[in-house]
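Under our numbering, read the sequence shown as residues 118 to 423, first letter to last. Following: one structure in structure tokens, then a few remarks.
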Amino acid sequence: MFVHSIASVTRTQVCEKLRKANFFSLTCDGATDFTGEELENVYVRICNNGKVEDFFLCIGSPSSTSAKYIHSHIGEMFENFDLSQRAINAFVKGYCAIRQQLEHSSHKNAKTEGLAKLMRDGQVIAFILTLKELIGHLMKLSLYLQKSEISLADAFTRVAATKTFLTNMATRDVQSVKDIVTFGTYQGRKLNFLGQKPNPRPQKLSDNVISALNSRFPQTPVVQATALAAFNNWPNKGEDSIAEFGVKEMEYLATHFKHFLSVESGDILNEWELLKVLIYERFGDALEIYSAEAVRIWIREFLPSD
């Protein structure tokens, strides 16, 4: 446990340096452990303020040692460390320099020529810029969902807000995409457009992301009922809505779990009303600052066990 904590702190520091670096290089070193499992050690080299540093980033086992699976493994690793947006930001920031380097080296290497061609492709640049707009909001959602103090209902509320934002975003032009479509250039460099020019409004991409969120976070009444476990969702003391707060959710839960409960639904509702009165009497003026666990401890100490 101690070693795991040290490794976690060190990895966080390395990831933070990666986010701040203007560019970095990556090296993989394959190895086989005593069980015969193929492992890949990933190292990164960064340069900050003229200082070059080398770091060990992680070790993992790809599905296969072929280039395709190692590439996928590295991509998944960067996503798990919340570094995927960093790659897009670095690409956008260094676009001119990267494109110039590829174009100057293209006559020596066919692969480099292919990459240079992609850098000149207006469709590719438009997609990357659109993706940049979307990923930022998805990363904020991801960070929020990782908080330990939120309830399941809080998480779904944030997901719903993100989906609403994406829906609204799909009706507006992404300005950077609109500019390259209008002027045919990006950062002063000419782009090539094959076929129809891209739509500045990210309707299709937004719809696909929303569809993925719906599949990943299906909403149910049971999930909605978990809002009762987070006191920031409770009405303020003295509000008229207190009387009806949680009644519908408790009725649903009593029906949903009736085969597992040995009490009548009416008794559950009575206990719920009593619990609300006790909590508001004890914590009502500052309910949001108390965690559910603190209130559970108080209830266990002061309420009769029967």
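A virtual CB, placed ideally from N, CA and C, is assigned to each residue, including glycine.
- Taking 8 Å as the upper bound for CB-CB distance, T372 and S379 are not in contact here, some 15 Å apart.
- According to the DSSP assignment, G177 belongs to the beta strand (DSSP E) that extends over 168-177.
- E368 and Y261 have their alpha carbons spaced roughly 30 Å apart.
- Three or more beta-carbon pairs separated by less than 8 Å are not found between the stretch 282-290 and the stretch 208-216, which leaves the two stretches without contact.
- Between the alpha carbons of A278 and A360 lies a distance of about 27 Å.
- When DSSP states are grouped into helix, strand and coil, V380 belongs to the coil group.
- Scanning its chain for C-beta atoms nearer than 8 Å, with the 5 sequence neighbours on each side dropped, one finds no residue around Q313.
- In this structure, F173 lies away from I163, with their beta-carbon atoms at least 9 Å apart.
- With a beta-carbon spacing of about 11 Å, V298 and T247 fall beyond the 8 Å limit used to define contacts.
- With fewer than 16 other beta carbons inside 10 angstroms of its own, M256 counts as exposed.
- Here L308 is buried, its C-beta having at least 16 other C-beta atoms within 10 Å.
- I163 sits in a strand when the DSSP states are folded into three classes.
- When DSSP reads this structure, F141 sits in a beta bridge with I163.
- Counting other Cβ atoms within 10 Å of its Cβ, K264 stays below 16 and is therefore classed as exposed.
- Residue state for G253 is assigned as helix, using DSSP reduced to three classes.
- Spanning the alpha carbons of T343 and E398 requires a straight line of approximately 22 Å.
- In the displayed model, D402 falls within a helix according to three-state DSSP.
- Assignment of beta-bridge partners to A148 by DSSP yields L156.
- In this structure, E250 sits near S293, with a CB-CB distance shorter than 9 Å.
- Each residue's CA atom was taken as its position, placing N353 and H254 some 30 Å apart.
- Setting aside the 5 residues that flank it on each side, L232 is surrounded in the same chain by L219, each with a C-beta closer than 7 Å to its C-beta; the list follows chain order.
- For D271, the number of other beta carbons within 10 angstroms of its own is at least 16, and it is reported as buried.
- Counting along the chain, I297 sits inside the alpha helix (DSSP H) bounded by residues 292-300.
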